[in-house]
Structure formats: C-alpha cells, structure tokens
Amino acid sequence: MNIVSANGAPEIARPRIEVNRLIKTFHRVGGQKLTPVDDISLDVGAREMVILLGPSGCGKTTLLRCIAGLERPDSGEIVLDGKIVFSSKKKIFVPPTQRQLSMIFQSFALWPHMSVFENIAYPLESRKAPKNEITPRVRQVMQMVGISDLELQYPGRISGGQQQRVALARALVSNSVAVLFDEPLSNVDARVREHLRIEMKRMQKQLQFSGLYVTHDQAEAMELGDRIAVLDSGRIAALGRPRDIYEQPGSEYVATFLGSANIWPGSVVDAGPTHVRLATAGGDLIAEITPGASPSAPGADLKIMVRPEKIRISKDPRDDGRNALSGRITARTFTGPAVQFFVECAGLTVRVVSMQDNLQDDLAEGDMAHLSIDPGAVKILPANGTPADRTPRA
Ligand SMILES: Nc1ncnc2c1ncn2[C@@H]1O[C@H](COP(=O)(O)OP(=O)(O)OP(=O)(O)O)[C@@H](O)[C@H]1O
Ligand SMILES: [Mg+2]
16 MNIVSANGAP
26 EIARPRIEVN
36 RLIKTFHRVG
46 GQKLTPVDDI
56 SLDVGAREMV
66 ILLGPSGCGK
76 TTLLRCIAGL
86 ERPDSGEIVL
96 DGKIVFSSKK
106 KIFVPPTQRQ
116 LSMIFQSFAL
126 WPHMSVFENI
136 AYPLESRKAP
146 KNEITPRVRQ
156 VMQMVGISDL
166 ELQYPGRISG
176 GQQQRVALAR
186 ALVSNSVAVL
196 FDEPLSNVDA
206 RVREHLRIEM
216 KRMQKQLQFS
226 GLYVTHDQAE
236 AMELGDRIAV
246 LDSGRIAALG
256 RPRDIYEQPG
266 SEYVATFLGS
276 ANIWPGSVVD
286 AGPTHVRLAT
296 AGGDLIAEIT
306 PGASPSAPGA
316 DLKIMVRPEK
326 IRISKDPRDD
336 GRNALSGRIT
346 ARTFTGPAVQ
356 FFVECAGLTV
366 RVVSMQDNLQ
376 DDLAEGDMAH
386 LSIDPGAVKI
396 LPANGTPADR
406 TPRA
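When the letters of the sequence shown are read in order and numbered with the numbering used here, they come out as residues 16 to 409.
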C-alpha cells in the first residue's frame, strides 16, 4: 500500500502480518492426519482488512490461532510488523503474550462482571502497565470509538453496537500490530448483524487498524474486506479484492461460494484473439477473453460461469448483438427488490435475477422468455481451478 512519507516521497508500508508457506497438521483420535493449514501464504497490509472466508472446518480458526501463537505450526514462517514470531527453519516461536496481537471472538466475549472501563483496561492490567498510564489510555480509546459515556456500565446492559465498540476498544487499547477477529458477529441476529457490519467497516476506515477477519458469511466478507482469501480445505482457493474475485472467481468452488452463479459445462468451438465461441447444451455463446487468461484450444472442455444478474430477460427476442438464449420459465420467485427466474433453455437451466424496476415485461411461470448475455459476462473457468495469485492491495 502506498503512503506518502514526511519528505513527500511515496513509501511502501511494511505489512503488519506476513504468513509464508505455513503448514499445520493435526492427528485425530484414531490416527487420521488432517492439514487444516496447508501451505498458506498471506499478508495483511497497514490499515488493511483481510477476510478469511470458507465453510465450516476449512481451517480459518486454526490459521488465526497459529498467527496468535495459540497453535505451533509444523513449518513455515510468521512475521508481525517485520519481526519473525515463528520460523520452523530458524526454530523461533514467540509466545502469544509477546506477539502484540488482539483477538475479538464470537459475540465479543466481554467480561459480564466487569464494567466497560474495566473490560477495556483488562489487557493493560494483565500486562502490568503502570496505573497512571492505564486510565488516560482507556479514556482515549473510549473516546476514539465513541463510548466515553459508558464507562461505568456493564456489558449485559448495553446494545449490540455498543458491545462491539467496547470489544474494539479493548482490542485497540494496547497498540496491537493487528486485530484478529474470529466470527465476532456469528451469534448476532441477522438484522443487527447487518448494522454492526456497516459500523465495523466505518470504524476500521476511521481508526485505520489492520485486521484479519474470519467469517463464513459471504455478505460480511464482501462488505468488510479490502481483500478476501477464500479457503478450501486448508488452502487458499482465491485471494483478491472482493469485486475481482466475484467477477473473476477462477474456479467453480470460489464462484459458488461467493454469490450465486450459473455454471454450465461447455467446450471451445473456435478461439480468436479477443473472443472465444463456446458450445453449450442451450446453444453457442461468445465469451470475451480476459487479458492474461491462458488460451483455450478448440475442442477443450471447460466450465462456463454467468452471474444471474448479468442476464437480461424479456418476452420478445432482442437483436442487441449479445448472446441469445431462449426457453420456458419453470419458476419465478419474488425476493423483495429483485425477481428470480429459472428458465429451461434446451437442457440448460438458467437462473436469472432481475431488479424489479428493470423488468419491462410481465413474465410468468410457463411463459417463453428470451435471454441475452453480454460476452463480457460469460466467464471461462479452468477445468480444475487454479489458485489465484497475490493481488495488489487496494
Ligand atoms: N486441536 C485439534 N485437534 C484435532 N483436530 C482439530 C483441532 N482443532 C481443529 N481441528 C480440526 O481441524 C479442522 C479445521 O478446524 P477449524 O476450527 O480451523 O475450522 P474453521 O474453518 O474455523 O470452522 P468453523 O467455521 O466451523 O469455525 C476441523 O476439521 C477441526 O475438526
Ligand atoms: Mg472457526
């Protein structure tokens, strides 16, 4: 991330967390070997929020615990703000208390018997910081996160949003290198969660802390993350900015984990310098070739992805020069702001999501529908999916 130094020249801020080729295996009762962290390399820049997103059991918490020093990895290296805290080669293992990290757990894990002030002071008290430094520092972070008036209150008697601010204040009070979050919002009900997410994003940008945030909620990941690492059984399946991963997921696993996607089998008919013609069960489709993508040979089998909201649906065929498919509507569901259709196009099931306001025709179940898709929205996925490379930070 570029920032401007005192003399005006751009300088590269040092990453706060660097994980290099980390491996952690467990042995289950019965002897089965498990590798929930399987050769992971990842960094978190200054003021950056990186999300670890993946299904239950894919290794998110284990990776976080390795970074915090609560697990000892088998091999690899962990560097915090330029200092090696774990290296299998150099035989370095810095204990958790000396790693200068803060963690925020599920439902914030505040101490119910301690006041807001005492909760926030706790990390300083347990480090035996001088008493005359604790009070001003606690008051300072309380002011930073906007809860100065709650000093004497107890966590059970403040709102979810206020609890989040207390947890954040407690994480920031001791000038940590970065904050590690392990699904802090997973026990909060959906409506409050949405509010807390927006609030978390705002606070992170305002207070400029660095964070590594674990979740299995894709909406949370896309909203909060400067970058997202999508994990699949201990490995990084994709790493990049939310929009880049959403639009160019690189594999079927990532495409379906982040948003909904139409994924169809297809094969290459012919490939030109900028476009490729693909055969599908519903007819041929033209796809724009993404710069840098490996060329597709005619005859090659592959997967095709089209996001449902990228497909236009109408009663009459449109001659708009885009890919055209047609079929019968087998289902139509109302989802509030949008309408979702399933259209059977000669053996290809197509899911279409259209914002209410964009629907010019009255389309019902059983009607014939005409679909059009921009060639730029037709994405080719490699047969086996390749892990995305490191992407520059925003
Ligand atoms: N101490 C341990 N001993 C043996 N196996 C473990 C241990 N800790 C975790 N595991 C296993 O490692 C795998 C990864 O667990 P982890 O807690 O990292 O998953 P997760 O991605 O955080 O999942 P969730 O979303 O459910 O929290 C799981 O299969 C889990 O059962
Ligand atoms: Mg977990």
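Glycine included, C-beta positions come from ideal geometry on N, C-alpha and C.
*Give the secondary structure of V393 by DSSP, where H, G and I count as helix, E and B as strand, and everything else as coil.*
coil
*Quick one: measure Cβ to Cβ for I243 and I66, integer angstroms, because I've assumed they're closer than 8 Å.*
5 Å
*asked:* With H, G and I counted as helix, E and B as strand and the rest as coil, what does DSSP make of A144?
replied: coil
*Would you decide whether L279 is buried or exposed? Buried here means 16 or more other CB atoms lie within 10 Å of its CB.*
One point to set straight first is that residue 279 is Trp, not Leu, in the sequence displayed. Buried, by the Cβ-count rule.
*Ranges of the beta strand (DSSP E) found wholly within the segment 26-56, counting only runs of at least 3*: 32-42
*Can you check whether the CB of L254 is closer than 8 Å to the CB of G297?*
no
*So is V34 buried or exposed if we call it buried at 16+ other beta carbons inside 10 Å?*
buried
*Could you tell me if R31 is buried or exposed, where buried requires 16 or more neighbouring beta carbons within 10 angstroms of its beta carbon?*
buried
*Contact shell at 6 Å, judged by CB to any heavy atom of ligand 1, ordered along the chain*: F41, R43, L49, P51, G69, S71, G72, C73, G74, K75, T76, T77 and H231
*Taking 7 Å as the cut-off, does the CB of E198 come closer than this to any heavy atom belonging to ligand 2?*
yes
*asked:* Under 8 Å: do the segment 76-95 and the segment 199-207 share three or more Cβ pairs, one atom per stretch?
replied: no
_Sub-8 Å separation of S282 and D335 beta-carbons_ = no
*asked:* Applying the 10 Å Cβ sphere with the 16-neighbour rule, what's the burial state of R333?
replied: exposed
*Contact set for V160: own chain, Cβ-Cβ below 7 Å, skip 5 residues either direction*: R180, L183, A184 and M218
_Rounded separation between P390 and A236 - CA only_ = 28 Å
_Applying the 10 Å Cβ sphere with the 16-neighbour rule, what's the burial state of L167?_
exposed
*Scan the segment 55-118 and note each continuous beta strand (DSSP E) run of 3 residues or more that stays entirely inside, going in chain order.*
64-68, 90-95 and 98-102
*Along the chain, where does the alpha helix (DSSP H) that runs through L183 open and close?*
G175 to L187
*Roughly how many whole angstroms lie between the Cα atoms of K394 and G314?*
17 Å
*Return the chain-ordered list of same chain residues with a C-beta closer than 7 Å to the C-beta of D299, the five sequence neighbours on each side being excluded.*
V284, R292 and L293
*Determine contact between the segment 262-271 and the segment 60-76, defined as no fewer than three beta-carbon pairs at a distance below 8 Å.*
no
*Go ahead and label Q178 buried or exposed: buried means 16 or more other beta carbons lie within 10 angstroms of its beta carbon, across all protein chains shown.*
buried
*In the structure shown, what three-state DSSP assignment does P280 receive?*
strand
*Distance, Cα to Cα, A61 vs Y169?*
33 Å
*Compute the Euclidean distance between the alpha carbons of D316 and Q355, then round it to the nearest angstrom.*
29 Å
_Pairwise C-alpha distance: E238 and H210_ = 12 Å
*Could you name each continuous beta strand (DSSP E) segment of 3 residues or more that falls completely within the segment 234-318, going from the start of the chain to the end?*
242-247, 250-255, 277-286, 290-295 and 298-303
*Report yes if the C-beta of V354 is less than 7 Å from at least one heavy atom of ligand 2; otherwise report no.*
no
_Rounded C-alpha distance that separates F357 from F349_ = 12 Å
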